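K.L.:
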Amino acid sequence: MKSRPAGHVLVEALIAQGVDTCFGVPGESYLAVLDGFHEHRDRIRFIACRQEGGAAFMAEAQGKLSGRPGICFVTRGPGATNASIGLHTAFQDSTPMVLFVGQVASDQRDREAFQELDYRQFFGPGTLGMAKWVGEVQDADRLPEYIARAFHTAMQGRPGPVVLVLPEDMLRKPTTAPVLPRVTPAHAWPAPGGLRDLRALLMAAKRPLVIAGGSGWDADAARALQRFAESWQLPVGCGFRFQDTFDNRHALYVGDVGIGINPRLAQRVKDADLIIALGVRLGEMTTGGYTLLMPPRPTQKLVHIHAGAEELGRVYTADLMLQASMACAAKALEGLAAPVDLPWREWAASAHADYEANHVAPAVAPLDMAVVMKTLQRLAPSHAVYTNGAGNYSGWLHRYVRYFGLQHEGRTQLAPTSGAMGYGLPAAVGAALLHPERTVINVAGDGDFLMTGQELATATGYGANRGAGRLVSLVVDNGSYGTIRMHQEREYPGRVSGSDLFNPDFAALARAYGWRAARVERTEDFEAAFAEALQAGAPMLIHLVLNADVSTTRSTLAAIRDAARLAGR
């Protein structure tokens, strides 16, 4: 084997793992890796982003879309700390990802050298940390071993992020180490006895409900879930920001179980006598602050199926716990024979009717966000990818867009269950670069957008709109941190502090980055602007000006304030 710098070997190892796109911000601590990208520029590309948080979000989106680790490179110290938001998102969203961090040279360690950090302490691997594993490569000859382990760890069990720390002198050392073959994760099937127990629980149920979500799904598993639901006529809801796990157009779909949940669906979760939680962690957002299912022992019978053994029994003592990969669990479930007589058919039908009724919204003027979302749905290709960050504005997207199930075209929803602001635009740019044939639509709030808005330059510089797909960003501008303002009015009515925003002209800002742009203040003007955005040419930003009083899909600030005052706050 020919000797070459370890930095080149790292790039070769990524190519062997099927990686063709990496995201990052360049740094002097990993110059040898950047030279490796140049050496192999015909097989892999490095996308230079404008801030490490944006780069990490792009890598996280890559992991969601591909099911294999998204790759991000950052330099030591400030680079790593900036990237931590994307790492935390990958951890909470169970997204496979590898973050490579340049480190000071080995002979300078433990002196608080320039930008030196102890990454094992900083990223704190564990159940409440930011990474599944943090490793540091000291020996260039072992670099391929570490990379293979990183990929295994990121994909095994509950997927998640891994951090590999790379001392800069190690990356320059020559090595003859061969790269290792492509990693494929080992999958776990549910125990046959557990499947029999699950069938017995179903046979005894009157009001069952499936809550599906989480990561690790593939198209075959999603199709198997649909066949299982159809065979047993089970109503299916999707966990918070995993709405594309099940086709939202299906007659058994009942809505998303998360923030802004349909009140009727929330009541159904409480009234169910059997919950089958398939792939979801049953975290705070999906359980309505642990109120829809009361811990540690819910009133409903609970079957929890999850890929991570450490997640089972962590919060809820379920009646049946099965450790299984989502790629296997749904396929096993579809093999359960259903009886002819199913007593909950009307329960399932009325749950879906509640979902359909939830799409009916009162008219709002001058800009109706419900109509905006429905127009997106009507004009965009069915397999369009929708992205968002955090904020009340996302409620319109979640409530009124019907997500394609991933069994059709792959993932169509990229959104952070971690509630990370600034996620949506970098995720959209990353998705457009990875899949230039797909239309990608970002919906962002004004505060959300400006946290990573500089990645407009990344989209322009790397031609994110050159394929058959289109890249569109909608910025919902209400001049405030809307979610915080809502909470203020509820808890301290009329006492507003720190939640006002002073915004630029978003359309002018977008044009400065080489994007097309339009400003929309009235509902009737949106369709023409979005139709223009779907035409060939540069990416397009649409600046939506929304009255600050329009707080959520269900209420206004004035109504929230009045209710709080009536309650004596």
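Numbering (my numbering), first residue to last: 291 to 859. The beta carbon of each residue, even a glycine, is placed where N, CA and C say it ideally should be. In this text, all values refer to a predicted model and were calculated from it rather than measured experimentally.
1. Output needed for N538: all residues of its chain with C-beta closer than 7 Å, excluding positions within five of it in sequence on either side, in chain order.
2. Report all residues from its chain with a CB closer than 7 Å to the CB of A628; omit the five preceding and five following residues, and keep chain order.
3. Quick check on DSSP: helix, strand or coil for K354?
4. Please report how far the alpha carbon of D790 lies from the alpha carbon of Y771, in whole angstroms.
5. Whole beta strand (DSSP E) runs in the stretch 299-356 with 3 or more residues, listed along the chain?
6. Buried or exposed: which applies to R668, given that a residue is buried once 16 or more other Cβ atoms fall within 10 Å of its Cβ?
7. At a Cβ threshold of 8 Å, is L418 touching chain D?
8. Can you list the beta strand (DSSP E) stretches of 3 or more residues lying completely in the stretch 778-825, in chain order?
9. Which partner residues of M611 appear in the DSSP bridge assignment?
10. Could you say if the stretch 312-322 and the stretch 349-363 meet the contact criterion of at least three C-beta pairs nearer than 8 Å?
11. Name, in chain order, the residues that DSSP records as bridge partners for T677.
12. Going by DSSP, which residues form a beta bridge with E574?
13. Between E302, A848, A721, which lies nearest to P865 when the distance is taken from Cα to Cα?
14. Taking L696 as the reference, which of A511, L824, D767, R855 has the closest Cα?
15. If you pair each beta-carbon of the stretch 570-577 with each one of the stretch 527-537, do three or more pairs fall below 8 Å?
16. Does the separation of the CB atoms of M348 and G720 fall below 8 Å?
17. Could you tell me if F792 is buried or exposed, where buried requires 16 or more neighbouring beta carbons within 10 angstroms of its beta carbon?
18. By the DSSP assignment, the beta strand (DSSP E) with V544 in it spans what residues?
19. Between the stretch 767-783 and the stretch 834-853, do at least 3 Cβ pairs fall closer than 8 Å?
20. Check for me: the beta strand (DSSP E) holding H360 runs from which residue to which?
21. Quick check: P829 and V762, are their CB atoms within less than 8 Å of each other?
22. For A823, does the count of other Cβ atoms within 10 angstroms reach 16, so buried, or fall short, so exposed?
23. Excluding the 5 residues flanking L847 on each side, which residues of the same chain have their C-beta closer than 6 Å to its C-beta?
24. When we look at the beta-carbon of K292 and count the other beta-carbons within 10 Å, is it buried (16 or more) or exposed?
25. Flag this pair as yes or no: are the beta carbons of H298 and S708 separated by less than 8 Å?
26. DSSP three-state call for D429: helix, strand or coil?
27. Taking 8 Å as the threshold (C-beta atoms), are T843 and G685 in contact?
28. Classify D383 as helix, strand or coil using the three-state DSSP reduction.
29. Ignore the nearest five residues each way along the sequence and tell me which others in M445's own chain have a CB closer than 6 Å to its CB.
30. Compute the distance between the beta-carbons of R812 and A797, then report whether it is under 8 Å.
31. Round the Cβ separation of P671 and T729 to the nearest angstrom and send it over; I've been treating them as touching at under 8 Å.
32. What are the boundary residues of the alpha helix (DSSP H) that I850 is part of?
33. Spatial neighbours of S384 within its chain, please: C-beta separation below 7 Å, excluding the five flanking residues on both sides.
34. Go ahead and label S396 buried or exposed: buried means 16 or more other beta carbons lie within 10 angstroms of its beta carbon, across all protein chains shown.
35. Ignore the nearest five residues each way along the sequence and tell me which others in V394's own chain have a CB closer than 8 Å to its CB.
36. I'd like the ranges of any beta strand (DSSP E) spanning at least 3 consecutive residues and lying wholly in the stretch 456-535.
P.N.:
Quick look at the numbers:
1. R692, Y693
2. S521, W522
3. helix
4. 6 Å
5. 311-314, 335-338
6. exposed
7. Looking at the structure shown, chain D is missing, and only one protein chain is on hand.
8. 806-810
9. H594
10. yes
11. L704, N732
12. E574 pairs with nothing; no bridge assigned.
13. Past the boundaries of the shown model lies residue 865; the chain is included only from 291 to 859, so the question cannot be answered.
14. A511
15. yes
16. yes
17. exposed
18. 543-547
19. yes
20. In the sequence as displayed, the identity of residue 360 is Gly instead of His. Note, G360: beta strand (DSSP E), 360-364.
21. yes
22. buried
23. E779, D839, S841
24. exposed
25. no
26. coil
27. yes
28. helix
29. P386, P475
30. no
31. 5 Å
32. 847-856
33. R448, P449, G450, G504, S505
34. exposed
35. S319, R366, A403, F404, Q405, E406, P457, E458
36. 498-502, 526-529
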